[in-house]
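In the working numbering, the protein residues as written are 5 to 155.
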């Protein structure tokens, strides 16, 4: 969590882990009060890969500042696994990690990733001095919508 403190957060993984990636992004937003974005492999390899660079000068200048987490698991398709391996090898940042899901089924792996990510986002919140359970903007929006509903 300390390494994520001062960097934009990118979450990348295969299609079948998209629910865990989305939950992780949402937990980073809610628990830590930070923005995060997700990329789904192989789709992001058709366009977003240019911004990542690693083999050319066409990349986004901010790519080196990204904290990138690659979510993986044993059940990935071989070509998707190779794509992620290639990206890890060519990711031009010192802040990149692979988090490999544990479990014998996709459901177990999704749950494992969600639990690990919840703990990570809570730690990130505490590092930033934020109460991870504070949701004032959500409460304010609900109150605003409730007032509108009574009109």
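Using N, Cα and C, we set each Cβ at its ideal position, and we do this for glycine too. If you're wondering where the values come from, they're calculated on a predicted model, not measured in any experiment.
Taking the alpha carbon of residue i as the reference point, which residue from the options has its own alpha carbon closest?
i, options, result
"residue 98", "143, 80, 68, 25", "68"
"residue 79", "14, 39, 113", "113"
"residue 30", "139, 53, 55", "139"
"residue 26", "11, 73, 52", "73"
"residue 111", "52, 23, 7, 134", "23"
"residue 28", "103, 50, 144, 147", "103"
"residue 91", "119, 50, 131", "50"
"residue 93", "130, 62, 53", "53"
In whole angstroms, give me the CA-to-CA distance for residue i and residue j.
i, j, result
"residue 116", "residue 41", "20 angstroms"
"residue 86", "residue 65", "25 angstroms"
"residue 121", "residue 137", "15 angstroms"
"residue 149", "residue 108", "43 angstroms"
"residue 48", "residue 14", "12 angstroms"
"residue 84", "residue 9", "29 angstroms"
Residue i bridges to which residues according to DSSP?
i, result
"residue 72", "14, 100"
"residue 43", "16"
Tell me which residues share the same chain as residue i and place their Cβ nearer than 6 angstroms to its Cβ, disregarding the 5 neighbours each side in the sequence.
i, result
"residue 105", "77, 113, 116, 117"
Once the 5 residues before and after residue i are set aside, which same chain residues still bring their CB inside 7 angstroms of it?
i, result
"residue 82", "none"
"residue 62", "54"
- request: Taking 8 angstroms as the threshold, find out whether the stretch 119 to 127 comes into contact with the stretch 29 to 39 through three or more Cβ pairs.
  value: yes
- prompt: Would you say the stretch 19 to 29 touches the stretch 54 to 64, given that touching needs at least three Cβ pairs under 8 angstroms?
  reply: no
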